[in-house]
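Under the numbering used here, the first residue of the sequence shown is numbered 330, with each subsequent residue one higher.
Where is the CB? At the ideal position from N, CA and C, for every residue including glycine.
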Amino acid sequence: ALYALQLSGHYPMNNYEGNNKAILIHSAAGGVGSMLVQMSKLLGLHPVVGVVGSTSKVEAAKDLGCDVVIDKSSSDLWHAAKKASPEGYSAIMDANGVSTLQQSYDHLCPTGRLVVFGFHSNLPMGRAMLSPMEWFKMAGKMNRMPKFDPMDLVVSNKAVLGFNLSFFADEKELVTKLFDQVCQWLEEDKLQCPRVVEMEMNRVGEAHSLIMSGKSIGKIVCKI
Numbered sequence: 330a331l332y333a334l335q336l337s338g339h340y341p342m343n344n345y346e347g348n349n350k351a352i353l354i355h356s357a358a359g360g361v362g363s364m365l366v367q368m369s370k371l372l373g374l375h376p377v378v379g380v381v382g383s384t385s386k387v388e389a390a391k392d393l394g395c396d397v398v399i400d401k402s403s404s405d406l407w408h409a410a411k412k413a414s415p416e417g418y419s420a421i422m423d424a425n426g427v428s429t430l431q432q433s434y435d436h437l438c439p440t441g442r443l444v445v446f447g448f449h450s451n452l453p454m455g456r457a458m459l460s461p462m463e464w465f466k467m468a469g470k471m472n473r474m475p476k477f478d479p480m481d482l483v484v485s486n487k488a489v490l491g492f493n494l495s496f497f498a499d500e501k502e503l504v505t506k507l508f509d510q511v512c513q514w515l516e517e518d519k520l521q522c523p524r525v526v527e528m529e530m531n532r533v534g535e536a537h538s539l540i541m542s543g544k545s546i547g548k549i550v551c552k553i
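Encoded structure:
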């Protein structure tokens, strides 16, 4: 979460010099999203707009500090996003993939940055993962992924950035600095750990179904 904010230009604090400090965070009640919301508040971003996928997650997102929570299961996501920040967003955090990437880019303000760290909506869900047809559909979704024109990036003054921490094994200095900052905020009680749902290892199938359902809040941990 903190590296995503670094890519957006909002970390370290006071590093961003633009007038617009609005941020939109998809999956705001999830493990990464819950950290992004809290860190955005600590870094002085406003408004912090969180998007959730069900009504049951709205209160959790509000408790984390969202100034506005958009429940996309009951309202038009992008109409509500426009209402919350009519001038667009300086940063949008998107791990959804094909379902939102283009609109996320379109709702950036000039100098805004779209930070991509996942492709949740591209993947088969639940039992559908076993169906060959779903994997053909995934290929179709890949074909519909937005293509960002370098000319438009220049004319619009926007940026698209992506990362995967799984490949940061050699970036020890960078990761250490980010980890130290997170630990400092935790020690100062400025940051809450994500909500954790614990399950026994013999319930791993149930845990997987829960996270794939889109109904989980925070992290799911299986105990050995």
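Annotated three-state conformation of LEU520 is coil, per DSSP.
Here GLY441 is buried, its C-beta having at least 16 other C-beta atoms within 10 Å.
Across the set VAL361, GLY360 and SER369, the C-alpha of SER369 shows the shortest separation from the C-alpha of HIS339.
Apart from sequence neighbours up to five positions away, the residues of its chain that approach LEU331 with a beta-carbon distance below 7 angstroms are TYR340, MET368, LEU507, GLN510 and VAL511, ordered along the chain.
Between GLY426 and HIS449, the alpha-carbon positions lie close to 6 angstroms from each other. ILE354 and GLY362 do touch by the CB rule: their CB atoms are close to 5 angstroms apart, below 8 angstroms. Counting only runs of 4 or more residues that sit fully inside the segment 371-413, the alpha helix (DSSP H) segments are 387-393 and 406-413, in chain order. In the same chain as ALA413, and ignoring 5 residues on each side of it, the C-beta atoms closer than 7 angstroms to its own belong to PRO376, VAL378 and VAL397, in chain order. The closest CA to that of ALA409, considering only HIS436, VAL444, LEU503 and LEU393, is found on HIS436. ALA358 and VAL381 have their C-alpha atoms roughly 7 angstroms apart. Taking C-beta atoms as the reference points, GLU416 and ASN472 fail to come closer than 8 angstroms. If you draw a straight line from the Cα of ILE540 to the Cα of VAL526, it comes to about 11 angstroms. Inter-residue distance for LEU443 and GLY534 is about 34 angstroms (C-alpha atoms, whole angstroms).
Beta-bridge pairing by DSSP links ALA488 to ARG442.
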